[in-house]
Structures are given as C-alpha cells and as structure tokens.
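For the sequence shown, the residue numbers in mature numbering (1 follows the signal peptide of the UniProt record, and there is no 0) are -29 to -1, 1 to 332.
To start, the structure under review is shown below, and the notes come after it.
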Amino acid sequence: MRLSKFTLLLIFSTIILICLCVFQHQSNSHYICSRKVPQLQNKNVSSKLNIGIVIVLNRNSTREDYRIALDTVECYAKIQNYQFLYLNETDFDDRCKQPDYLFRRHCIVAQVLPEFDAIVFLDADIGVVNPNRRIEEFLDDSKDIIFYDRFFNWEVAMGSYIIRNTKYAKDALMNFSDYNYKLPNCFHGKDNGILQLFLAEFLFPQSQMQIENCQKIYNKSKSWDDLFIFQACIRAIMGTSTEFGKVRIMHKGKAWVRDNWLSNSKWNPETDFMFHAWKMNELEKTPKIVRLVENRYKWYNPLAGEINLKKCGPNNSTWNYDSRLFEDSHKILGKLEQIEKRIHFDFVKSISRMTEILNRK
C-alpha cells in the first residue's frame, strides 16, 4: 500500500531525529573544540597553482562601502602571490543578463574562471584577518567546487566558495546563476536560499519525491523561520556527509571564513583566517573591553591603523593589530561549540515543523 505524504514525512523526520540524537551524544570529536587547526599545506593539491580571488561589486556600491575588507583582501593577495580581481557587474552586462545582481555575479565568476586554475569567490564584505593562511589549505585535486556551512544555521553559503577551472564546475555555476529565473513568489532568500534547492537537484536527482516536498515548503515560505524549515528539509536529504563526488561542503568551523559577530570580532590566528560582515556602515569604535559574545550588525576593526597597499608583498606579511580583539583560541572554540550545539537543536525544531508548513493554506 502506498504511504501518504504525511506518513513518509513523519518517518523521515523520526529517522533524522534519531540520527541527530546519536550525533549529539557520540564523542566530542565532531565539535569544533576537538578539531585541529588545518595544516598549512594540503598534500592532495597540485603545487604552483594560478589562484584568483574574485569580488564582484554591485553597480550601486562603491569600494568605500567595504574599504577595510577589500584592502585586506587585496593586500593578502599581494602577500601570497594570488591575483586579485575587483570587478563590477556592469563589466559583464553583455554576457550575464540575470535580473538579480546576486545571481549575475556567479555568472561573472564563470566568465573569468578560464583565466585561473582556481578561484576563491568572496562577498565584498569578507575581509582577511590572518594573511599567513593560504588558499591551498582548502583545495583538493579531487574536488571541483567547495562550499561551506554557514555557522549560525544549516544553510550552505553562497557568499564564498572555491571553484576549479573545469567544465563541470563552470557548467554548474552557470546552471545555478540561471536559478534566478526559478525563484518562487515567496520569501525565498535570493541566491543563498535557492542554492539549497539547486544542490539537492544537482546532487540528488534520485530523490525527486523528497525534493518536491521541500519545494512545497519553499513555495509557502513567508519568513526567515519558514526559509530555515525549507533548508532543514533539504539538508535532511543531503545527510551529514561533506563529500558529494566533485563537490565538497565543509562543516562548520572548518572553512576559510566565518561571521565575525559570532565572537564579537574577537579572533585568534590559530583559529581564524577570514571574517564575514565587514560593512563600513556597521563599523563601530572598539570599546576598552570587548566581551566574547554574539553581537550582530556591528563589528570592530581588528587592525590598528590603515593598510598601505603599496607596502603589501611577500616580504611584508606582518600587520598591526588591535590587542583588545585578541582572544585565547580555546575560549573562541568553546564559544563556537556552544553555538553549534544550539544550532543542532534548532535544526531538529525546524524538521519537526515541516508538516505544519505543508498543511498551510
């Protein structure tokens, strides 16, 4: 007898809940505190790669809107001998015609990909805090595309990724950029939101029935909470693996970038490489005492003084820092572990609400 959609979802949710409970109570090895800092050289990647760091600016934005972030990235590229491409979406109007800039920028990355062996794409508000780390730490010859998990939810991020110069990777990126035309008439989360649907359809074509249920949730999304439920539905299909053929999705705390507000802009060179959310209009004066707390929508500059781009180079990788924002690595990892545990429980809550959204009129 064919099971109803409700029964299938109930069984599906129960399996996920059981898996998560086991996941929660097993060895602490999956938590960040037990993770070792990545090695500075990945033996599974070719040496002497031509690596580009690409940022695509909105036609309505200026460099000043992200000045500190962009200066750190450009200086970092000079230090590590990477190529820095600071592009504007208007430069590719003839080749990338997606209506939304957030999708058009990924088409632009695909256009410049043939110039490099690999590209690191960055949101304009991502800055480098530790210029001694290298992109090669995260490359792998067996992976064409590397994404990462956002830390504060279960979303695969589209604000930064690493992509190799292969037909597979370029085709995937162009395919995704055209998902702009598939955005539903709902609270959809733009490129970050629909990326989850793209990944499910791209990586799990055999799971069409489950994907259709998730898409029904997506189509009824009216808020961030609804969007997170849709994303939880997709992640339940994908499971806890990080390896999907030529695609890798790095676990929380394992990637090259994290949101700076998770630790109130505090950092340690043993744990951190790049920070996200460095918008100049959210920069505030650093107080005398900075507490290790979550603090959204504002940030403090880890640098003491301006970066002089003329002095950036392989022989000058020492930056001046504000000592008030240094923190013990174990304390930072402990804070991130607390957040990660909370996110696991929030994920379970979102899974449990799937039928609620499906039954919504």
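Heads up, the beta-carbon is just placed ideally off N, CA and C, and yes, glycines get one too.
Keep in mind the model is a prediction, meaning the values are calculated, not measured.
**Integer-rounded CB distance, given that L263 should sit under 8 Å from L234** = According to the sequence displayed, residue 234 carries Ser and not Leu. Between L263 and S234 the Cβ distance is about 6 Å, and since that is below 8 Å, they are a contact.
Segment contact, 8 Å Cβ cut-off, at least three pairs: the region 109 to 120 with the region 253 to 267:
Contact between the region 109 to 120 and the region 253 to 267 is absent, because fewer than three Cβ pairs lie under 8 Å.
Practice task
Specify the secondary structure class of N252 as computed by DSSP and reduced to three states.
Solution key: Here N252 carries a helix assignment [DSSP, helix/strand/coil].
In this structure, does DSSP put Y189 in helix, strand or coil?
In this structure, Y189 counts as helix in the three-state DSSP scheme.
For the beta strand (DSSP E) that contains D230, what are its first and last residues? Where D230 is concerned, the enclosing beta strand (DSSP E) starts and stops at 228 to 230.
For H301, the nearest candidate out of R331, N330, E241 (CA to CA) | E241 is the residue among R331, N330, E241 whose C-alpha sits nearest the C-alpha of H301.
Exercise. If we ignore side chains and look at the alpha-carbon of each, how far apart do D120 and K225 end up?
Worked result: Their backbone Cα atoms lie some 9 Å apart in a straight line.
- request: Could you tell me whether the region 31 to 40 touches the region 82 to 97, where touching means 3 or more Cβ pairs closer than 8 Å?
  value: Cβ pair count under 8 Å is three or more, so yes.
Does the distance from the CB of F169 to the CB of N146 come in under 9 Å? The Cβ atoms of F169 and N146 lie closer than 9 Å to each other.
Runs of 4 residues minimum, wholly inside the region 269 to 305: which ones carry the alpha helix (DSSP H) assignment? The region 269 to 305 contains no whole alpha helix (DSSP H) run of 4 or more residues.
Have a look at Y268, V319, I188, Y152 and flag the residue whose alpha-carbon is nearest the alpha-carbon of Q69. Taking only the C-alpha atoms, the option nearest Q69 is Y152.
When burial is assigned at 16 or more other CB atoms within 10 Å of the CB, is E214 buried or exposed?
Exposed, by the Cβ-count rule.
(Q) What would DSSP say about A207, mapped onto helix, strand or coil? (A) If DSSP states are grouped into helix, strand and coil, A207 belongs with the helices.
DSSP-derived helix/strand/coil call for K332:
Correct three-state label for K332: coil.
E327: buried (16+ other C-beta within 10 angstroms of its C-beta) or exposed? Exposed.
- Query: Is DSSP giving D158 helix, strand or coil here?
  - Reply: Rather than Asp, the amino acid found at residue 158 in this sequence is Phe. It is coil, neither helix nor strand.
Practice task
Note down the Cα distance separating S293 from G276, rounded to an integer number of angstroms.
Solution key: Per the sequence shown, the amino acid found at residue 293 is Asp instead of Ser. Their Cα atoms are separated by approximately 9 Å.
Return the first residue and the last residue of the alpha helix (DSSP H) that H77 is part of.
Here the alpha helix (DSSP H) through H77 covers 72 to 83.
W238 by DSSP, collapsed to three states: which one? The DSSP-derived three-state label of W238 is strand.
Open item on the list: Please tell me whether V80 and I90 are closer than 9 Å, where the distance is taken between their beta carbons.
Closed with: Cβ atoms of V80 and I90: closer than 9 Å.
Can you look up residue 340 in the DSSP assignment and give me helix, strand or coil? In the structure as shown, the chain starts at -29 and stops at 332, and residue 340 therefore has no counterpart that could be examined.
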